[in-house]
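First comes the structure, then the notes that go with it.
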Amino acid sequence: MQAICRLRPGDGQGPEAYLDRQPYFQTMEKFLIHETGVHWVDTFAYLFGPAQSVYAGLRRVNPAIAGEDAGYVILTIWALFDGNRNLDHAAAEPRLTMGEARIEGI
263 MQAICRLRPG
273 DGQGPEAYLD
283 RQPYFQTMEK
293 FLIHETGVHW
303 VDTFAYLFGP
313 AQSVYAGLRR
323 VNPAIAGEDA
333 GYVILTIWAL
343 FDGNRNLDHA
353 AAEPRLTMGE
363 ARIEGI
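To get my numbering, take the position in the sequence shown, counting from 1, and add 262.
In structure tokens, the structure reads:
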């Protein structure tokens, strides 16, 4: 089995990112994984068991916030969290989705 989550809420764009709904997001020094990605890591662990190792490559795209807002987390249980809060989802109304997940297996 394998899984991938592509987080694309698009809510982290520009200097006013998060100020209207969750302004404390701008000051969180550990943001993407601490606030959002941890839920996917927990879901992957529930579905596949604990990972033996984890690789994370994180970066800050929007300079208006303190923490990272884009990156990858690869778990050795064949799961990938691909998050970028600056990119919009392709949905007709992108603010109504956080992204998409795909779980495949036999």
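Yeah, the Cβ is synthetic: ideal placement off N, Cα and C, and Gly gets one too.
Keep in mind it's a predicted model, so treat the numbers as computed, not measured.
| Asked | Found |
| --- | --- |
| Excluding the 5 residues flanking MET263 on each side, which residues of the same chain have their C-beta closer than 8 Å to its C-beta? | LEU309, PHE310, TRP340, ILE365, GLU366, GLY367 and ILE368 |
| Just to confirm my understanding: we take VAL316, look at its own chain, exclude 5 residues before and 5 after, and list those with CB closer than 6 Å. What are they? | LEU337 |
| Do LEU294 and VAL328 have their beta-carbon atoms positioned less than 8 Å apart in this structure? | In the sequence under discussion, the amino acid at residue 328 is Ala, which differs from the Val named in the question. Their beta carbons are not under 8 Å apart, which means ALA328 does not touch LEU294 by this criterion. |
| What's the gap between the Cα of TRP302 and the Cα of ILE266? | 9 Å |
| Where does the unbroken beta strand (DSSP E) through ASP344 begin, and where does it stop? | 341-346 |
| Thinking just about the alpha-carbon of each residue, which of ALA313, HIS296 and GLY276 is nearest to the one in LEU320? | HIS296 |
| What does the alpha-carbon distance come out to for the pair PRO277 and GLN314? | 38 Å |
| Alpha carbon to alpha carbon, how far is LEU342 from ASN348? Give it in angstroms, no decimals. | 18 Å |
| Measuring CA to CA, which of ALA353, MET290 and THR359 is closest to ASN324? | MET290 |
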